[in-house]
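*Asks:* Got a structure for you, questions after.
In the working numbering, the protein residues as written are 92 to 515.
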């Protein structure tokens, strides 16, 4: 009798535990019943047939879209395209876009691309793509519609920042090469280092260019690091760039819910190092990874920041592949500068606020944005012997004109030459 009582008691405990676990599962998956009910209703009664895959993909898109502007779902093709965009090249017009209150906003055009040459600017709002309104269009949908094969045009309706009149653009898609670093000598020993984005080769490209300049027998006396209209990119490359200029301390910290999203990135000083005085240029188009570099240089008092307040994207996205080849981009953490400040939706304030003069904003960069493709750009073109004699003089003249038209750059160079910027 006693043994039977124990067995009954044990069975009752097991039943209680099982019911409790079942109830917990019911609480977790209960809302899915409503989802399945809606999906069944759509499949049965919607005016035109819709596949279950379309419905589920749409639900995932909506689930991520309601979190924040940077979390998104990627189909198989979109996931592949995303991988390409951080490494080699892709077909498109060359803009980085984001969403603000349901509006499609240009963070910045990529230098030397069709969008840049057409006159699309940071802060512009894209109202329509091929006549389709972008209001509440997902970021993934917008990117998919804008990108496409080389030689095929895309029609955009754009509202310039501060304007009340929309403007129509017909932009011819091209192969967008991911060239992330440009170096020009401003004056003897003073270099302009322009970072257009942070892809997987940015740190190595930058150090190779600076090292190559030094190997040419020239001492680097001052560096202007131009991060204007740099939309960001890979976190590890931002860390690598900052590491090349800092001597010690923290570069950035990321803080999220998961243990693997809690990390401090410190200076390692393992690669090539450049200790010349620095000025960094930023503006509203400087975002994400560009803000990580700017924030680290500012907090460590390594560089003076000149320009205008940055974009304010202080979140970290983790790309997660799914079993069927699609993927999601999920915001998993916020990043913090060495002093512990988050720039999320706040941006980085420059040490010296200097708005870009209207003439400089309108004029195209003589080393990039205004360039048109000519015979001399073709590979293996026949060199003109007379041309080489004037190239050096032309380059110096172009630099002079560029500085005259860019008041932020002119101030940066002036401060470096007067030794007002010191190395911490």
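Glycine residues also receive a C-beta, built at the ideal position from the N, C-alpha and C atoms.
Under a Cβ-count criterion, where at least 16 other Cβ atoms within 10 Å of its own Cβ denotes burial, should residue 277 be classed as buried or exposed?
*Replies:* Per the 10 Å Cβ criterion, buried.
*Asks:* Assign residue 360 to one of two classes, buried (16 or more other C-beta atoms within 10 Å of its C-beta) or exposed (fewer than that).
*Replies:* Exposed.
*Asks:* Tell whether a beta-carbon distance below 7 Å holds between residue 286 and residue 275.
*Replies:* For residue 286 and residue 275, no; Cβs fall outside 7 Å.
*Asks:* Where does residue 260 fall in DSSP's three states?
*Replies:* Looking at residue 260 - three-state DSSP - the assignment turns out to be strand.
*Asks:* Would you identify the three-state DSSP class for residue 322, choosing helix, strand or coil?
*Replies:* If DSSP states are grouped into helix, strand and coil, residue 322 belongs with coil.
*Asks:* Look at the Cβ atom of residue 267, then the Cβ atom of residue 318, and state whether they are nearer than 7 Å.
*Replies:* No, the Cβ-Cβ distance between residue 267 and residue 318 is not below 7 Å.
*Asks:* From the DSSP output, which residues share a beta bridge with residue 412?
*Replies:* According to DSSP, which records beta bridges pairwise, residue 412 is partnered with 418.
*Asks:* Helix, strand or coil for residue 507 per DSSP?
*Replies:* Reduced to three states, the DSSP call for residue 507 is helix.
*Asks:* Pull up the distance between the alpha-carbon of residue 438 and that of residue 505, whole angstroms please.
*Replies:* Distance between the alpha carbons of residue 438 and residue 505 is about 26 Å.
*Asks:* Note down the Cα distance separating residue 436 from residue 136, rounded to an integer number of angstroms.
*Replies:* Cα-Cα distance, rounded: 43 Å.
*Asks:* Quick one: residues in its chain with C-beta nearer than 6 Å to the C-beta of residue 448, no 5 flanking neighbours on either side, listed in chain order?
*Replies:* Excluding positions up to five away in sequence, the list reads 498.
*Asks:* Less than 7 Å separating the beta-carbons of residue 401 and residue 425?
*Replies:* No, Cβ-Cβ distance for residue 401 and residue 425 is not below 7 Å.
*Asks:* Go through the segment 185-269 residue by residue and report every complete run of the beta strand (DSSP E) that reaches 3 residues or more, in order.
*Replies:* For the segment 185-269, whole beta strand (DSSP E) runs of length 3 or above, ordered along the chain, are 186-191, 194-200, 216-220, 244-250, 258-263, 265-268.
*Asks:* Does the segment 290-297 come close enough to the segment 322-337 to have 3 or more Cβ pairs within less than 8 Å?
*Replies:* Yes, they touch.
*Asks:* Does DSSP put residue 461 in a helix, a strand or coil?
*Replies:* Low per-residue confidence applies at residue 461: pLDDT is 38, beneath 50, and the placement is therefore not dependable enough to give any value.
*Asks:* Output the distance between the C-alpha atoms of residue 228 and residue 391, rounded to the nearest integer angstrom.
*Replies:* So the two alpha carbons sit approximately 40 Å from each other.
*Asks:* From residue 56 to residue 202, what does the alpha carbon distance come to, in whole angstroms?
*Replies:* Coverage of the chain is limited to positions 92 through 515, which leaves residue 56 absent and any answer about it impossible.
*Asks:* Do you know how far the Cα of residue 141 is from the Cα of residue 300?
*Replies:* Those two C-alpha atoms are separated by around 54 Å.
*Asks:* Which runs of the beta strand (DSSP E) at least 3 residues long sit entirely within the segment 128-183? Give them in chain order.
*Replies:* Complete beta strand (DSSP E) runs here, min 3: 163-165, 180-183.
*Asks:* Here's a check: name, in chain order, each residue in its chain whose Cβ is nearer than 7 Å to the Cβ of residue 503, leaving out the five neighbours to either side.
*Replies:* Closer than 7 Å at the Cβ level, and outside the excluded window around residue 503, lie 315, 370, 372, 397.
*Asks:* CB residue 323 to CB residue 380, shorter than 7 Å?
*Replies:* Yes, these two residues count as a Cβ contact at 7 Å.
*Asks:* The alpha helix (DSSP H) with residue 445 in it runs from where to where?
*Replies:* Taken as a continuous stretch (DSSP letters only), residue 445 belongs to no alpha helix (DSSP H), as it is neither H nor E.
*Asks:* Go ahead and label residue 465 buried or exposed: buried means 16 or more other beta carbons lie within 10 angstroms of its beta carbon, across all protein chains shown.
*Replies:* Only weak support is given to the placement of residue 465: the predicted model assigns it a pLDDT of 39, under 50, and the value that follows is read from those uncertain coordinates. With fewer than 16 other Cβ atoms within 10 Å, it is exposed.
*Asks:* State the DSSP-derived secondary structure class of residue 335, mapped to helix, strand or coil.
*Replies:* Residue 335 falls in the coil class under three-state DSSP.
*Asks:* Per DSSP, what are the beta-bridge partners of residue 426 in this structure?
*Replies:* DSSP lists 345 as partners of residue 426.
*Asks:* Where does residue 336 land, buried or exposed, given buried means 16+ other C-beta within 10 angstroms?
*Replies:* Buried: at least 16 other Cβ atoms inside 10 Å.
*Asks:* Below 8 Å on the Cβ atoms is my contact criterion, and I expect residue 264 with residue 241 to pass it. Report the Cβ-Cβ distance as a whole number of Å.
*Replies:* That pair is a contact at about 6 Å.
*Asks:* Bridge partners of residue 316, per DSSP?
*Replies:* Residue 316 is bridged to 284, 371.
*Asks:* Note down the Cα distance separating residue 411 from residue 161, rounded to an integer number of angstroms.
*Replies:* If I take the Cα positions, the gap works out to 14 Å.
*Asks:* Do you know offhand how far residue 409's Cα is from residue 352's?
*Replies:* One C-alpha to the other measures close to 10 Å.
*Asks:* In this structure, how does DSSP classify residue 276 when only helix, strand and coil are distinguished?
*Replies:* Residue 276: strand per DSSP, three-state reduction.
*Asks:* Considering only residues of the same chain and omitting the five flanking positions on each side of residue 159, which have a CB-CB separation below 6 Å?
*Replies:* Taken in chain order, the residues that qualify are 422.
*Asks:* According to DSSP, is residue 398 part of a helix, a strand, or is it coil?
*Replies:* The answer is strand: DSSP assigns residue 398 an E or B state.
*Asks:* In whole angstroms, give me the CA-to-CA distance for residue 344 and residue 403.
*Replies:* If I take the Cα positions, the gap works out to 16 Å.
*Asks:* Rounded to the nearest angstrom, what separates residue 517 and residue 200 at their Cα positions?
*Replies:* The structure shown has nothing for residue 517, since the chain only spans 92 to 515.
*Asks:* How is residue 466 classed by DSSP in three states: helix, strand or coil?
*Replies:* The pLDDT assigned to residue 466 is 42, lower than 50, so where the model puts this residue is not dependable; a value taken from the coordinates is nonetheless given after this. Three-state result, residue 466: helix.
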